[in-house]
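Residue numbers (our numbering): 74 to 212.
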């Protein structure tokens with residue numbers, strides 16, 4: 074065998090194991106939710122598992138998590154990240170505002186405000202045609 078072929082097979086096997094573990098975890102979180110619809114962490118963790126592969130379904134889980142725990146900052150951040158990826162900048166801004174409202178002195182509050190400005194700029198760019206640079210001149 075060629076070393077590169079052996080390494081490729083090993084990586085494939087590892088990827089298959091990770092995928093099986095993620096599928097099993099997804100089933101377990103779903104079962105936990107079926108048994109107790111108020112398991113906030115189960116919604117959040119299940120959403121994290123599918124964040125990249127099925128963002129709209131993950132968004133539903135994060136929304137369920139904040140409905141159960143209105144102070145769940147990580148869930149708000151995940152919601153904002155998905156909304157940003159879907160081009161829903163105005164909604165993402167609202168969720169970043171909620172995080173800042175809940176923890177105005179948090180270490181990441183300043184960074185969130187910068188992200189929020191970027192989202193505002195992207196939203197304005199879509200509606201006005203102004204570029205980020207032109208918007209920054211007026212800010």
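Note that beta-carbon positions come from the ideal geometry of N, C-alpha and C, so glycine has one too.
Inset, instruction - Measure the alpha-carbon distance for residue 104 versus residue 76 and round it to whole angstroms. - result: 42 Å
Inset, instruction - Excluding the 5 residues preceding and the 5 following residue 175 in the sequence, name in chain order all residues of the same chain whose CB lies nearer than 7 Å to its CB. - result: 144, 146
Inset, instruction - Just the C-alpha distance for residue 149 and residue 163, rounded to the nearest angstrom, thanks. - result: 14 Å
Inset, instruction - Specify the secondary structure class of residue 161 as computed by DSSP and reduced to three states. - result: coil
Inset, instruction - Going by CA-CA distance only, name the one from 184, 113, 127 that's closest to residue 170. - result: 184
Inset, instruction - Would you kindly work out how many angstroms separate the C-alpha atoms of residue 196 and residue 82, rounded to a whole number? - result: 45 Å
Legend entry - For residue 144, the three-state DSSP class (helix, strand or coil): coil
Inset, instruction - Report the rounded CA-to-CA distance for residue 199 versus residue 158, giving the unit in angstroms. - result: 14 Å
Legend entry - Sub-8 Å separation of residue 152 and residue 192 beta-carbons: no
Inset, instruction - State the DSSP-derived secondary structure class of residue 80, mapped to helix, strand or coil. - result: helix
Inset, instruction - Sort 88, 156, 109 by Cα distance to residue 131 and report the nearest one. - result: 156
Legend entry - Cα-Cα separation, residue 88 to residue 109: 31 Å
Inset, instruction - Mind reading off the beta-carbon distance from residue 115 to residue 123? Whole number of angstroms is fine, and I expect it under 8 Å. - result: Actually they do not touch by this definition, with Cβ atoms about 13 Å apart.
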